[in-house]
């Protein structure tokens with residue numbers, strides 16, 4: 035019998051936690067709640083009601099969609115569960131560009147389903163232990179982001195990301211966030227968020243028109259973090275990755291960026307210097 039795929043919602047968070055533990059994933063309840071509340075989750079469950087696998091689709095109007103949190107209990111691997119979950123998510127996504135950040139285990143399945151590698155990202159983790167030079171900003175200045183800045187930030191983010199995601203940014207802003215905007219004489223030209231989920235603080239997204247401003251934003255937010263940090267930097271920005279390693283962060287995992295239904299991802303991705311999270315971009 036083919037696997038039965040059913041909807042997954044925030045009401046299933048306790049079972050999502052149990053699945054995460056089985057898979058060896060760190061449990062990050064705020065991240066799951068954000069992606070499930072804004073997107074569409076799907077699951078396959080065992081006879082006892084426990085989850086055997088999950089996937090979450092998030093759509094950004096009719097511009098793009100992302101897939102994340104795909105996982106299957108190891109004992110149930112290679113039985114078609116992952117494919118069934120992905121097929122349901124892709125059916126719901128339709129013809130819009132769909133992207134994901136692949137694991138080593140999932141890359142083959144994604145390729146079979148029409149995804150191809152168009153880039154990658156590196157996750158860096160640890161504590162900021164050292165100082166490193168920050169490029170000058172010229173006439174631009176950084177300041178603390180206020181809630182009233184969110185419309186301008188969301189507009190800039192939509193240009194960089196290629197689709198609207200104001201509700202996601204607002205939710206991240208509420209996660210014990212430290213956030214900065216960069217201004218010139220014309221208004222907001224960049225921003226960065228730092229938010230807490232689990233035991234680590236994530237810096238991202240970072241949106242900036244150049245590496246100098248992106249570095250300044252990362253330097254500012256990494257400097258105020260008291261504990262361990264995480265930042266996911268696309269492979270196109272080795273200068274920012276190099277700066278992060280010089281201050282003490284260490285590479286943990288590299289993930290291929292895979293895309294379906296388009297030749298290139300939407301938006302001005304040359305401005306998107308750090309991801310919010312792999313399941314969101």
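Numbering (this note's numbering), first residue to last: 35 to 315. The beta carbon of each residue, even a glycine, is placed where N, CA and C say it ideally should be.
What three-state label does DSSP hand residue i in the structure shown?
i           : result
residue 43  : coil
residue 212 : strand
residue 154 : strand
residue 229 : strand
residue 308 : strand
residue 285 : strand
residue 62  : coil
residue 241 : strand
residue 223 : strand
residue 217 : strand
residue 302 : coil
residue 314 : coil
residue 121 : helix
residue 271 : coil
residue 73  : coil
Go through its chain and collect everything with a Cβ distance to residue i's Cβ below 6 Å, but skip five positions before and after it.
i           : result
residue 149 : 292, 294
residue 106 : 87, 115, 116
residue 280 : 166
residue 194 : 241, 301, 302, 305, 306
residue 158 : 265, 278, 283, 285
Might you give, ordered along the chain, the residues of its own chain that have their beta carbon closer than 7 Å to the beta carbon of residue i, omitting 5 neighbours on each side?
i           : result
residue 91  : 73, 74, 99, 101, 123, 126, 127
residue 232 : 60, 61, 62
residue 296 : 131
residue 240 : 226, 248, 251, 252, 307, 308
State the beta-bridge partners of residue i as determined by DSSP.
i           : result
residue 264 : 159, 236
residue 293 : 133, 150
Note down, in chain order, each residue of its chain lying with its Cβ closer than 8 Å to the Cβ of residue i, except the 5 sequence neighbours on either side.
i           : result
residue 221 : 186
residue 214 : 176, 177, 178, 179, 225, 226, 251, 254, 255
residue 143 : 116, 117, 120
Report yes or no: is there a C-beta of chain C within less than 8 Å of the C-beta of residue i?
i          : result
residue 81 : In the structure shown, chain C does not exist; there is a single protein chain.
Could you pull out every unbroken beta strand (DSSP E) segment of at least 3 residues lying fully inside the segment 75 to 113, listed in chain order? 85 to 94, 98 to 106
If you pair each beta-carbon of the segment 77 to 95 with each one of the segment 276 to 291, do three or more pairs fall below 8 Å? no
Can you give, in chain order, each stretch of the alpha helix (DSSP H) that sits fully within the segment 123 to 152 and has at least 4 residues? 141 to 146
Of all the alpha helix (DSSP H) runs that stay within the bounds of the segment 164 to 201, which reach a length of 4 or more residues? 184 to 195
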